[in-house]
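To start, the structure under review is shown below, and the notes come after it.
Protein chains: 2
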Amino acid sequence: MTRQTSSPVYRQIAADIRAAITRGDYPPGSRIPHTELELAQRYNVSRATVRQGLTALVNEGLIYVPARSSGYQVRSINKMVLRPQAEWREQPETPAMDRFMTDHADRKADQAIAVEIVAPPPDVAEQLRLAPGELTVLRRRTRSLDDQPFNINDSYFPYAIAKDSALMDPSDIALGTSEILLEQGFRMDHALDTIEARMPTPEEVERLKISAGIPVMIYRFTGFTADDQPIRHTVNVLPGNLHIVAFERKRNWPNGDGKLEDEA
Amino acid sequence: MTRQTSSPVYRQIAADIRAAITRGDYPPGSRIPHTELELAQRYNVSRATVRQGLTALVNEGLIYVPARSSGYQVRSINKMVLRPQAEWREQPETPAMDRFMTDHADRKADQAIAVEIVAPPPDVAEQLRLAPGELTVLRRRTRSLDDQPFNINDSYFPYAIAKDSALMDPSDIALGTSEILLEQGFRMDHALDTIEARMPTPEEVERLKISAGIPVMIYRFTGFTADDQPIRHTVNVLPGNLHIVAFERKRNWPNGDGKLEDEA
DNA sequence: CAGTGGTCTAGACCACTCG
DNA sequence: GAGTGGTCTAGACCACTGT
Chain A
2 MTRQTSSPVY RQIAADIRAA ITRGDYPPGS RIPHTELELA QRYNVSRATV
52 RQGLTALVNE GLIYVPARSS GYQVRSINKM VLRPQAEWRE QPETPAMDRF
102 MTDHADRKAD QAIAVEIVAP PPDVAEQLRL APGELTVLRR RTRSLDDQPF
152 NINDSYFPYA IAKDSALMDP SDIALGTSEI LLEQGFRMDH ALDTIEARMP
202 TPEEVERLKI SAGIPVMIYR FTGFTADDQP IRHTVNVLPG NLHIVAFERK
252 RNWPNGDGKL EDEA
Chain B
2 MTRQTSSPVY RQIAADIRAA ITRGDYPPGS RIPHTELELA QRYNVSRATV
52 RQGLTALVNE GLIYVPARSS GYQVRSINKM VLRPQAEWRE QPETPAMDRF
102 MTDHADRKAD QAIAVEIVAP PPDVAEQLRL APGELTVLRR RTRSLDDQPF
152 NINDSYFPYA IAKDSALMDP SDIALGTSEI LLEQGFRMDH ALDTIEARMP
202 TPEEVERLKI SAGIPVMIYR FTGFTADDQP IRHTVNVLPG NLHIVAFERK
252 RNWPNGDGKL EDEA
């Protein structure tokens, strides 16, 4: 309600509602107690202007419209911890850490797997250091929790390595895909993880049912043999409102020179 | 131009322009060769409808308006690799990897530092396992490159640990803040890194000059002593269009059981 | 069926940039 | 000064949800 120095009306409306949410007046999951029409009357502006303000908040990921005609609702946050290192450690270092799809026994986990032979996208080809025209085996997984799509997990393998292996089988690989690679004579020795964030593409919005104002994290994983040959590249698309990625580091790991710094 | 099955006009407009960009018709950095008015005539709709479509693309981070009357422009991507592990390794494992503010000698790097004594936000208090009411020393850094704000780096230290140290000095600490902690008798032994993504708050938009459609990554770093006492917590806010975070892992690091898995 | 948000029109005036 | 995007109005009709 408090108007500041000559900012557009729609921003003021957004700021007021944002403040109310931050203050706790409208708790997560609750409905915003005013309709567009009410707000238009209250601020004495047109509905279009109110809408512009509300749309801004939607694009911040702060509120959303769950279903047509049910009003604007404050988004609640419930993130799952993703722990790339969890798989190759005997037990968790930090007690508070979760492991994916393990401590959510009450929820119905599921995944859809499809296998294709494809020409890799340029970035994948570069990571795998493939010659132009070289093909890859792509294992696409869409994972769900309670029938809600949760993340996308696309693993690319050089065709030469994967062609006659169990990687071509579009069913869950209980052993882990690294075991299959090992059977083929490729032992994974080290890995590179990268994470970036952007807004989702329309395809991702479709596939993951991402609503407006939610970014995605792109978490990439490249696996190498001891002589630094890349043998796999995995691209994870993680809706930002559902995931946290966590890593651990220890001073006495090899290659450390004793310093453990916060820089950057 | 190709209309699909009964989707709103503004989405069609957005889809057409998105396709043209993806196809390479409008390369990164170039201007979209149509004004709002032209598009309105071309699609035979009102300017408001065209605007709705363009706004959608802006909120995807695909296009933006550099200055008031200069038209819509395709965003170009130029990301910097952030490598938390770089500081405690003698030399980079992977040749392709960068190190922050080191290989950009042609650019003017800068940072503004401020030190405050504050009550920590709840999440920081929890990470540092502080009792209610316990204070922290907060070192706020805003880093710039070519006078463009680049990221925010806020480090919290328990007041009891930092109070009489050089951490209170709001100037660059050449040695590294860990060295200061060591002088105080706290040797950092291991660390926890977490990364998540969301849309920026208005304060972050202001401080980092983030434009619409750009998410931020929140990269947190918590440092512990050998007996698992948390002695520092750093919160980095990284605009999604500028940063990639990278980690490396090796099979023969301690705690590894020989498996190195891709499972998200 | 009333209420709510989703889409759209046909205008208007303003602020800023560029030639 | 012409062109461009930024803000805003006062309507309209539609699609869907809930009671």
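If you read the sequences in order, they're chains A and B.
Under our numbering, the letters of the first sequence match residues 2 to 265, in that order.
Under our numbering, the letters of the second sequence match residues 2 to 265, in that order.
The beta carbon of each residue, even a glycine, is placed where N, CA and C say it ideally should be.
For A:E39, the three-state secondary structure derived from DSSP is helix. According to DSSP, A:E249 shares a beta bridge with B:L193.
The beta carbon of B:K80 falls within 8 Å of a beta carbon belonging to chain A, placing the residue at that interface.
The stretch 137-144 of chain B and the stretch 113-120 of chain B touch, with three or more beta-carbon pairs separated by less than 8 Å.
Closest option to B:V46, judged by alpha-carbon separation, among B:M81, B:P240, B:Q13: B:Q13. Between B:I114 and B:P171, the CB-CB gap stays under 8 Å.
Boundaries of the alpha helix (DSSP H) around A:E205: 203-209. Per DSSP, the beta bridge partners of B:S156 are B:R140, B:T235. Here B:D111 is bridged, per DSSP, to B:S145. Residue contact with chain A for B:V246: present (Cβ-Cβ distance below 8 Å to some residue of chain A). The Cβ neighbour count for B:D148, taken over all protein chains shown within 10 Å, is under 16; the residue is labelled exposed. Here DSSP, grouped into helix, strand and coil, assigns A:M81 to strand. For a Cβ distance threshold of 7 Å, residue set G62, P216, G241 of chain A lies close to B:R199, ordered along the chain.
A direct Cα-Cα distance of roughly 14 Å separates A:A87 from B:T195.
Within chain A, the residues V246, A247, F248, E249, R250 have their CB atoms less than 9 Å from the CB of B:D194, given in chain order.
Under the three-state reduction of DSSP, A:P123 is assigned to helix. A:V51 is the residue among A:Y27, A:V51, A:L131, A:K251 whose C-alpha sits nearest the C-alpha of A:L38.
Judged by pairs of C-beta atoms under 8 Å, the stretch 198-217 of chain B does not touch the stretch 153-169 of chain A, as fewer than three such pairs exist. For B:I219, the uninterrupted beta strand (DSSP E) segment begins and ends at 217-225. Note on A:S179: 16 or more other CB atoms within 10 angstroms of its CB, so buried under the neighbour-count rule. By the Cβ neighbour-count rule, B:R43 is exposed, with fewer than 16 other Cβ atoms within 10 Å of its own.
With a threshold of 16 other beta carbon atoms within 10 Å, A:E61 meets it and is buried.
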